[in-house]
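Residue numbering for the sequence shown follows this note's numbering, starting at 19 and increasing by one per position.
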Amino acid sequence: MNGLDSKLFEKNKIIQKINQKGLIKGNIIMNIMLSDTYGRIMTKLRLSVTDECNYRCIFCMPTNPNFFKREELLTVSEIDRLVKLFSSMGINEVKLTGGEPLARKEILYIIQAVHTHVKTIGMTTNGYYLASKLPELQKSGLSKLNISIHSLNENKYKKITGGGNLKVAMKGINTAIDLGMNPIKVNMTVMRGVNDDEILDFVDFGLKTGIIVRFLEYEPFNGREAWASSEFVSAKEILNKISAKYQLVGFPREPHSTSTYYTVNGSGKIGIIPSVSAPFCEDCNRLRITADGKLVPCMYSHFEIDLKKPLEIGLDDDKIKEIIKSSVNGKFRGVIEYIEKNELPNFVRSMYKLGG
């Protein structure tokens, strides 16, 4: 069975399971699912609510970014309608991204709107605003957190983030722990010569706090268009460094997961996201919407489709669904396409515009 046949086989098994539970009858499910020509079924949506950020991370944003005008952003009501439509087509989890999503003044209203359609809501944040805002965020429906911390050294952190405050971000993490947020994941993008000397420090941090630390391979979404292979540190190298000090036991990668997880010394847990060296394209189930309403089926493709304009001109739900289905159906195979040809680009998009 080839790769495409295998994915279609898995898709049919999912359909059979749903029909066996009596949730949807007949072939109606085929019109509800968002799937592509590779048989991948979409269930997760990464929704950027702003491209603005109080940080200027060196691998994400240019020194002088050009932010969207306020009128260019999706409104709360537009977000509400889009999530409702995507939910009706099988999306069951939304992750709010940016820029820095907590920089959006209406973030509580956005979470409340999303929560009426999707019960699992996550967020990727730099943690700066967490301590003051998290109690209300949690009450509004936020249930999962990914916090970006790329150095545990105050001076280095400030340099990487373009002026960020590590103590404030750590206060946000401690607030999340105190409020019982679960899971809490800390993401560290590993860059050679920048922070790769802190890998073991982050493992120690995870063991002490009980937080899951995930190590990310550096990808070509540098806002300064300055990605360089010389700064790339592979998942294998990261694991070799960790396993030289700690005992690691790996879990089988869960279907659709971006990460492979390992126990550390029998208690702690870390994750590795090998987006370049071992990408998960073959069973990717994610879609992205940018802050200005562009649907991006694959982050490694320049293809996007405007969903804000159809909302503004008053297209009905069925017509917008057809636009979405058609766009998703043609989803790019993924970065694996470049890797197989040994043609990984040095720049694809700026992460702050895409939604990190």
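Built from N, CA and C at the ideal position, the CB exists for glycine as well.
As the structure is a computational prediction, the values presented were derived from the model and not from experiment.
Would you please state the rounded distance, in angstroms, between the beta carbons of residue i and residue j? I believe it to be under 8 Å.
i	j	result
Leu305	Val346	7 Å
Tyr73	Gly182	5 Å
Gly65	Gly108	Just to set this straight, residue 65 is Leu in the shown sequence, not Gly. Between Gly108 and Leu65 the Cβ distance is about 15 Å, and since that is not below 8 Å, they are no contact.
Thr227	Ile195	7 Å
Ile202	Ala187	Contact doesn't hold; Cβ gap of about 13 Å is too wide.
Val294	Leu184	Contact doesn't hold; Cβ gap of about 27 Å is too wide.
Gly117	Tyr370	5 Å
Ala309	Val132	That belief does not hold up - the Cβ atoms of Ala309 and Val132 are roughly 14 Å apart, past 8 Å.
Ala253	Pro292	4 Å
Asn213	Lys174	7 Å
Met206	Val231	6 Å
Could you give the distance in angstroms between the alpha-carbon of residue i and the alpha-carbon of residue j?
i	j	result
Glu322	Glu90	16 Å
Glu18	Glu70	Past the edges of the chain, shown from 19 to 374, lies residue 18, and the structure says nothing about it.
Leu266	Ile165	23 Å
Tyr264	Asn283	6 Å
Thr193	Leu372	28 Å
Cys78	Glu216	20 Å
Lys102	His135	6 Å
Gly198	Leu152	11 Å
Ile260	Thr281	11 Å
Phe223	Ile229	8 Å
Met1	Val251	Outside the modelled stretch of the chain, which goes from 19 to 374, sits residue 1, for which no answer is possible.
Tyr279	Gly289	4 Å
Strictly by DSSP, which residues pair up with residue i?
i	result
Arg397	The chain is shown from 19 up to 374; residue 397 falls before or after that span and cannot be answered.
Thr115	Ser66
Ser166	Asn205
Ser53	Ile59
Ile323	Leu313
Val282	Leu266, Gly286
His307	Residue identity check: residue 307 is Ile in the sequence provided, not His. The partner list for Ile307 (beta bridge, DSSP) reads Leu65, Leu313.
Is the CB of residue i under 8 Å away from at least one CB in chain C?
i	result
Leu91	Judged by its chain identifiers, the structure shown contains no chain C, having just a single protein chain.
Legend entry - At least 3 beta-carbon pairs within less than 8 Å: the region 296-307 vs the region 330-337: Contact between the region 296-307 and the region 330-337 is absent: fewer than 3 CB-CB pairs across the two stretches fall below 8 Å.
Legend entry - beta strand (DSSP E) segments (min. 3 residues) lying fully within the region 117-185: If you keep only unbroken beta strand (DSSP E) runs of at least 3 residues inside the region 117-185, you get 138-143, 162-166.
Legend entry - Those runs of the alpha helix (DSSP H) which lie wholly inside the region 238-272 and span at least 4 residues: Segments of the alpha helix (DSSP H) lying fully in the region 238-272: 253-261.
Inset, instruction - Within the region 337-374, note down every full alpha helix (DSSP H) run reaching 4 residues or more, in order along the chain. - result: Qualifying alpha helix (DSSP H) stretches, in chain order: 353-358, 369-372.
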